[in-house]
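One structure is given below, encoded as structure tokens.
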Amino acid sequence: MLTAFRKYLLVPRLIRLSSGAPKDPQTAWDQYWGKVRSTGADGDVLWDSGNSHEAESYLPKLALLDADLPLVDVGCGNGSFTRHFAPHFPHAVGVDYSANAVERARRESQECPTTSFAVADLTAPGAWRTVGTALEEAGFSGDANVFIRGVLHVLDRKGRAALAANLLPVVGRRGTVFLAETNFRGTPVDYVSHLGATRHSIPAPLEWAIRGLPMPGRFGAAQRRKAFPPSDWDLVEEGAANIETRPLSNPGRPDVIPGYFAILRPHQPN
Ligand SMILES: C[S@@+](CC[C@H](N)C(=O)[O-])C[C@H]1O[C@@H](n2cnc3c(N)ncnc32)[C@H](O)[C@@H]1O
88 MLTAFRKYLL VPRLIRLSSG APKDPQTAWD QYWGKVRSTG ADGDVLWDSG NSHEAESYLP
148 KLALLDADLP LVDVGCGNGS FTRHFAPHFP HAVGVDYSAN AVERARRESQ ECPTTSFAVA
208 DLTAPGAWRT VGTALEEAGF SGDANVFIRG VLHVLDRKGR AALAANLLPV VGRRGTVFLA
268 ETNFRGTPVD YVSHLGATRH SIPAPLEWAI RGLPMPGRFG AAQRRKAFPP SDWDLVEEGA
328 ANIETRPLSN PGRPDVIPGY FAILRPHQPN
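Numbering (my numbering), first residue to last: 88 to 357.
In structure tokens:
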């Protein structure tokens, strides 16, 4: 009881830290990526564990995607998942609305010839055309698979629906969407406490995210049903996932946020 109460003593600190974050999410994300000095297990980025464990755990599910189609990594950030999955598809295109993220992803992917990157706001009307152009520049036309990690839970309900609508023309008839999102049940205070924040100290990558970014929400089955309605999408599979962060509480081991995955295809009327 006392421990639960102590947790809430964090609230004034959280309010103070987050009060300087830009109100416009795209500006916030671009400034955040512009300030990142390093990524990976010792880096600044909370959700980049620096190892392939989480990505590998998705491979059995990604085997359900048509391996002859390219992969589009929506909201790719620094491109760590784009790089992990590129060898499993003919090509992987990472797309993000932060130009600083895309610049960093390109820099970190110089050794991966089957990756490319583009800047686009996937909630903007017609953004699917920018994705199509990026695929054409890489030598592909037609349907593509889509991978999304850690993006839908940072969007509001309208943004999620707009993003899902942009994905329909990207996947066409043959493509499949795989998404993995954090689905933490609890208040923002519970969330930051889960990641090691106390009244006395906050792990640096978490503090950085709190200072610069909008507070994330959660994305689970209920949110998926609204964003990807059954009139447009068939659910192939869904379940629990483990979203791994950069090591916070133990230098050698990523921390884990409870997550949700889903595999979706455009609705095919019987
Ligand atoms: C939590 S990060 C996840 C990055 C990457 N998917 C990963 O898991 O390493 C969320 C990313 O989504 C991007 N993003 C947020 N809203 C977006 C939008 N509307 N269109 C494109 N990218 C977006 C942000 O710029 C950020 O890079």
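Beta carbons: idealized from backbone N, C-alpha and C, even for Gly. All figures in this text were calculated on a predicted structure; none of them were measured in a lab.
Beyond the five residues adjoining it in sequence on each side, A267 comes within less than 7 Å, by CB distance, of Y145, R236, A328, I330, G346, F348 in the same chain, given in chain order. G262 sits close to L156, with the two beta carbons spaced by under 8 Å. When C-alpha distances from V189 are compared across K313, F172, D117, the shortest belongs to D117. From the listed residues R194, F315, P290, W295, the smallest Cα separation to N337 is found for P290. I297 is the residue among I297, G166, R340, Q310 whose C-alpha sits nearest the C-alpha of L104.
Taken through DSSP and simplified to helix, strand or coil, N253 comes out as helix.
Counting other Cβ atoms within 10 Å of its Cβ, A205 reaches 16 or more and is therefore classed as buried.
Taking C-beta separations shorter than 8 Å and ignoring five residues to either side along the sequence, the partners of S318 in its chain run H354, following chain order. Closest by C-alpha distance to A128, out of P356, L335, R352, is L335.
In the DSSP assignment, Y347 forms a beta bridge with E268, A327. Nearest C-alpha to G246 among E198, T201, E223, G162: G162. Boundaries of the beta strand (DSSP E) harbouring I235: 232-236, taken from the DSSP string.
Per the Cβ contact rule, the stretch 170-180 is in contact with the stretch 223-243 (3 or more Cβ pairs under 8 Å). Here the alpha carbon of A252 sits roughly 27 Å from the alpha carbon of D135.
Around the beta carbon of R170, 16 or more other beta carbons sit within 10 angstroms, so the residue counts as buried. For D117, DSSP records no beta bridge to any residue.
In the three-state DSSP reduction, W320 falls in the strand class (E or B). Between R333 and G121, the C-beta gap is not smaller than 8 Å, which leaves the two residues out of contact. Note on P292: 16 or more other CB atoms within 10 angstroms of its CB, so buried under the neighbour-count rule. Judged by DSSP in its simplified three-state form, A296 adopts helix.
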